[in-house]
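To start, the structure itself, in structure tokens.
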Amino acid sequence: MVKEIERTGLTVVHCCSIIPISKTVGANRIVPTIAIPYPFGDPDLGPEEEKKLRKDLVKKALKALATSVEQQTIF
Amino acid sequence: MAMVIGSFQVENIEFGQETALRDKNLIVNKEALHNFLTMKDDRIQSLDITLAKPEESTRIICVKDVIEPWCKVSGNNPGEGVKHVLKNVAIVTCGKIVGFQEGIIDMSGSGALYTPFSKTLNVVLEIEVVPSLTPHQHEEVVRLSGFAAAQFLGAAVRTSESDVVETFDTPDASSVSPDLPKVAYVYMLLSQGLLHDTYVFGQNAQKGLPRPISPLALLDGAITSGNCVSACDKNTTWHHQNNLLLQELYQRHGKELNFVGVVLTDEPVRLEAKQASAEKTIELVKSLGADGAVISKEGFGNPDADQMMLIRGLEESGIKTVSITDEYAGADGSSQSLADVTPEADAVISVGNANERVILPPLKRLTGPIKDLTHLAGAYPQSLHDDGSLEIELQGIIGSTNELGSHTLSAREV
Amino acid sequence: MSATYRVLHCLNQFFAGIGGEEKASTAPCLFEGPKGPGNLLQGLFPDMEVAATIAFGDNYVAENTDRAVREILEILAPFFEPLKTEKPVMLIAGPAFNAGRYGLACGAICKAVAARYEIQVVTSMFPQNPAVNEYRKDVYITKAGEDVMSMQESMRNLGSLGMKLLSGEMILPAKDDYIPRGLRKNYFHSQPGATRAIDMLLKKLKGEPFATEYSMPTFDRVKPAPAIKNMGKAKLALVTSGGIVPNGNPDRIAAANAQRFGTYSIEGVSAFTPQSHQTAHGGYDPTFANANPNRVLPLDAVRELEAEGAIGILHDFYYATVGNATSVASAGKFGESIARKLIREGVQAVILTST
Numbered sequence: 001m002v003k004e005i006e007r008t009g010l011t012v013v014h015c016c017s018i019i020p021i022s023k024t025v026g027a028n029r030i031v032p033t034i035a036i037p038y039p040f041g042d043p044d045l046g047p048e049e050e051k052k053l054r055k056d057l058v059k060k061a062l063k064a065l066a067t068s069v070e071q072q073t074i075f
Numbered sequence: 001m002a003m004v005i006g007s008f009q010v011e012n013i014e015f016g017q018e019t020a021l022r023d024k025n026l027i028v029n030k031e032a033l034h035n036f037l038t039m040k041d042d043r044i045q046s047l048d049i050t051l052a053k054p055e056e057s058t059r060i061i062c063v064k065d066v067i068e069p070w071c072k073v074s075g076n077n078p079g080e081g082v083k084h085v086l087k088n089v090a091i092v093t094c095g096k097i098v099g100f101q102e103g104i105i106d107m108s109g110s111g112a113l114y115t116p117f118s119k120t121l122n123v124v125l126e127i128e129v130v131p132s133l134t135p136h137q138h139e140e141v142v143r144l145s146g147f148a149a150a151q152f153l154g155a156a157v158r159t160s161e162s163d164v165v166e167t168f169d170t171p172d173a174s175s176v177s178p179d180l181p182k183v184a185y186v187y188m189l190l191s192q193g194l195l196h197d198t199y200v201f202g203q204n205a206q207k208g209l210p211r212p213i214s215p216l217a218l219l220d221g222a223i224t225s226g227n228c229v230s231a232c233d234k235n236t237t238w239h240h241q242n243n244l245l246l247q248e249l250y251q252r253h254g255k256e257l258n259f260v261g262v263v264l265t266d267e268p269v270r271l272e273a274k275q276a277s278a279e280k281t282i283e284l285v286k287s288l289g290a291d292g293a294v295i296s297k298e299g300f301g302n303p304d305a306d307q308m309m310l311i312r313g314l315e316e317s318g319i320k321t322v323s324i325t326d327e328y329a330g331a332d333g334s335s336q337s338l339a340d341v342t343p344e345a346d347a348v349i350s351v352g353n354a355n356e357r358v359i360l361p362p363l364k365r366l367t368g369p370i371k372d373l374t375h376l377a378g379a380y381p382q383s384l385h386d387d388g389s390l391e392i393e394l395q396g397i398i399g400s401t402n403e404l405g406s407h408t409l410s411a412r413e414v
Numbered sequence: 001m002s003a004t005y006r007v008l009h010c011l012n013q014f015f016a017g018i019g020g021e022e023k024a025s026t027a028p029c030l031f032e033g034p035k036g037p038g039n040l041l042q043g044l045f046p047d048m049e050v051a052a053t054i055a056f057g058d059n060y061v062a063e064n065t066d067r068a069v070r071e072i073l074e075i076l077a078p079f080f081e082p083l084k085t086e087k088p089v090m091l092i093a094g095p096a097f098n099a100g101r102y103g104l105a106c107g108a109i110c111k112a113v114a115a116r117y118e119i120q121v122v123t124s125m126f127p128q129n130p131a132v133n134e135y136r137k138d139v140y141i142t143k144a145g146e147d148v149m150s151m152q153e154s155m156r157n158l159g160s161l162g163m164k165l166l167s168g169e170m171i172l173p174a175k176d177d178y179i180p181r182g183l184r185k186n187y188f189h190s191q192p193g194a195t196r197a198i199d200m201l202l203k204k205l206k207g208e209p210f211a212t213e214y215s216m217p218t219f220d221r222v223k224p225a226p227a228i229k230n231m232g233k234a235k236l237a238l239v240t241s242g243g244i245v246p247n248g249n250p251d252r253i254a255a256a257n258a259q260r261f262g263t264y265s266i267e268g269v270s271a272f273t274p275q276s277h278q279t280a281h282g283g284y285d286p287t288f289a290n291a292n293p294n295r296v297l298p299l300d301a302v303r304e305l306e307a308e309g310a311i312g313i314l315h316d317f318y319y320a321t322v323g324n325a326t327s328v329a330s331a332g333k334f335g336e337s338i339a340r341k342l343i344r345e346g347v348q349a350v351i352l353t354s355t
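Sequence lines, in order, name chains A, B and C.
So the first sequence is residues 1 to 75, counted in this note's numbering.
So the second sequence is residues 1 to 414, counted in this note's numbering.
So the third sequence is residues 1 to 355, counted in this note's numbering.
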């Protein structure tokens, strides 16, 4: 999916926990996330902390979108 | 203009009083051949002549070139007249390692499967030159001695009646159905100096290529080898003399295809020269009006780039290609096979992975400069086992991955 | 009579009978003898005896691959002690069908066990399983069907390749139904290269099918799109393969091998809630996502960053599908179709989240 979106020229960041799959499917901007059932969260954290974690990950994704890359890059 | 080739099928070879072919038995006067060669070139210090026949327990080491004996009976120009050839016989020249890429020939055992010269009756010349010669001079002595020996044997059938007579004309396009596809042959020659050379009409192919060449001249032996590329994919003079691709094109001309001509091209050392050669070759193929082209090769590594440029350029010009190459995929076959690739190369004939290792059984008789054995490309210091068996990459065996497509070896993905 | 070959079998928590997605975090453990599909293996191949079964949670191995593999190697160590008689001769993993995490685990474990204990290994997956590309060069992978419906046939392929490897028979990808490992191996063809070359050229010229003898290595990579110069002015869209859909899954996107994607409005929505949205994904434990769908698609955080000016504007719709066992071909089509919509809507940047 990510590759086909990028093929049209849209800038896309792939946020996922299993990096090898992301690399195989051909994502160029990759942000590693926490875990499969909760990529943007952690049930062990309090609500505030968890929200902060999520926001940080989104910030990282925005940064990846704003960063120029030549090849597959893990942020 | 026509080229007539008279072949003599030889079934046995032995030393004897007079060099002659009698009842398919080639008798060689060893002393006469020895004297002929040493008198012809005073740079030969010592010369040992032996015979090696199929199924013998013999390993020939440090082979430089292999030549089919011939005799030009009539005709003043290349590609015309009558030529006699001794089929099934080969002159094998050996000498000390100069280029590190000399090879071996096993006459029996598993190694015999990989080289065509385990099936020929071989006259082996082990040549030592006088000291103080440069490597180039060394190779020149060996090369010219090989040709001289081939002509010495060929002269034995100058006036004899051959078993098979074939007449070849320049392929005639006018009498061929216009529906047949027009096919050209792009014949790549290694031409890199430093002992990596090929000769066209006796001249070093570093100059004057690319150029079209008459198929008749090729059948007349216009191309000879002076090459130290890996044994496996060096096109020996014998391979040029018996170019199977050329024979296929001739046989199918007028039936399945329209053979429109041959372009010889080089494999130079500099990128700009490679590009210029590719461009000129493509122009020449276009001028032949070809719909398709088959591309043979010599060597590996940087010649891959030449071949890929030709494929890309020809395909972009609308000329469909098939190319022949060997592979260097590592001993286990897991590496990328070629030094250069292009997506247009969608029709490739693989003549085998030259890195694959084989264990050759110990053989009783070793001829050639034995001490150099483990220095050959394809061998390594531990190659020679205690029991005399030899573990070696196929690249050390003469003709094992021939890129004129002479043999049946191939590689596939498993 | 004792069986000829002692093998180890490797299964995820589901096939080992430990439990479903809720047990996906189970650490590796060892059982004596066969479990589930291991019984089928023994039944089909009486010369194989499953000495033990290693079971693991999909997520446990997928998320901590290095650690999990280390633990499995330790668990297996007693089988390979120097004085041990009747050491296992092969590790068989799966079939993993089209399950990405299960496939990755099988691949990683096979590779590590082969390297450490020098025994033969073989696994089985659906050819489009993402783990195939990752491990096909290291491990023999026989072809499996997409899902458990093909268990019988998939296990038969797996076991018969295993038997051939054990008995040293010659194998070929097409004949033995396994994924080519990319290893080049010599053989003697019936025809010389020159004859093959002219045959191939004539076919190519006539437009007939032909098979090249060496395929050019292909890298289907897309050129990275340029960086967004000013995120504070850009229009951003959210896309997920994590299956976040409005409650009730109105488009009925399948839990596995989805055939469609959904387009859902988030105009004026500041965050997903358990009441408004849920996951339709059948490949992971849904508890956490259902409790807070922002954990899969972080709408709440994106809205805050939009308010803070870090994002120009968030597109009014998001796009969702389920990436569980969905074929690469369908996923590609979804991507193309979503991209067309996004371009029409003037979107410049995309965050795609996956589970």
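The C-beta atom is built at its ideal place from N, Cα and C for all residues, glycine as well.
Computed from a prediction, not measured in an experiment: that's the story for all the values here.
Cβ distance (whole Å) where residue i is taken to contact residue j below 8 Å
i: residue 290 (chain B); j: residue 222 (chain B); result: That pair is no contact at about 21 Å.
i: residue 108 (chain C); j: residue 69 (chain C); result: 5 Å
i: residue 141 (chain B); j: residue 44 (chain B); result: 6 Å
i: residue 79 (chain C); j: residue 88 (chain C); result: 6 Å
Residue j beta carbon less than 8 Å from that of residue i
i: residue 41 (chain C); j: residue 159 (chain C); result: yes
i: residue 92 (chain B); j: residue 130 (chain B); result: no
i: residue 210 (chain B); j: residue 277 (chain B); result: yes
i: residue 322 (chain B); j: residue 294 (chain B); result: yes
i: residue 3 (chain B); j: residue 219 (chain B); result: yes
i: residue 417 (chain B); j: residue 10 (chain B); result: As displayed, chain B neither begins before 1 nor continues past 414, which places residue 417 (chain B) out of reach and without an answer.
i: residue 331 (chain B); j: residue 185 (chain C); result: no
i: residue 78 (chain B); j: residue 259 (chain B); result: no
i: residue 398 (chain B); j: residue 103 (chain B); result: yes
i: residue 59 (chain C); j: residue 24 (chain C); result: yes
i: residue 3 (chain A); j: residue 25 (chain A); result: yes
Closer than 8 Å to chain B by CB, residue i
i: residue 187 (chain C); result: yes
i: residue 217 (chain C); result: yes
i: residue 233 (chain C); result: no
i: residue 151 (chain C); result: no
i: residue 202 (chain C); result: yes
Close-in-space but distant-in-sequence residues of the same chain around residue i (CB under 8 Å, 5 per side omitted)
i: residue 381 (chain B); result: 374
i: residue 370 (chain B); result: 61
Cut-off 7 Å between Cβ atoms - residues of its own chain near residue i, not counting five sequence neighbours on either side
i: residue 296 (chain C); result: 240, 242, 244, 279, 289, 353, 355
i: residue 233 (chain B); result: 298, 299, 300, 326, 354, 401, 402, 403
Cβ shell of residue i (< 6 Å), same chain only, five flanking positions each side left out
i: residue 34 (chain A); result: 42
i: residue 274 (chain B); result: 268, 306
i: residue 75 (chain B); result: 81
i: residue 283 (chain C); result: 324
i: residue 151 (chain C); result: none
Residue i classed as buried or exposed, judged by whether at least 16 other C-beta atoms fall within 10 angstroms
i: residue 152 (chain B); result: buried
i: residue 316 (chain C); result: exposed
i: residue 281 (chain C); result: buried
i: residue 385 (chain B); result: exposed
i: residue 224 (chain B); result: buried
i: residue 188 (chain C); result: exposed
i: residue 261 (chain B); result: buried
CB contact check: residue i to chain A, cutoff 8 Å
i: residue 255 (chain C); result: no
i: residue 334 (chain C); result: yes
i: residue 289 (chain C); result: yes
i: residue 251 (chain C); result: no
i: residue 228 (chain C); result: yes
Beta carbon proximity, residue i to chain C, threshold 8 Å
i: residue 76 (chain A); result: Lying before the first or after the last residue shown, residue 76 (chain A) is absent from chain A, which here runs from 1 to 75.
i: residue 120 (chain B); result: no
i: residue 70 (chain A); result: yes
i: residue 332 (chain B); result: yes
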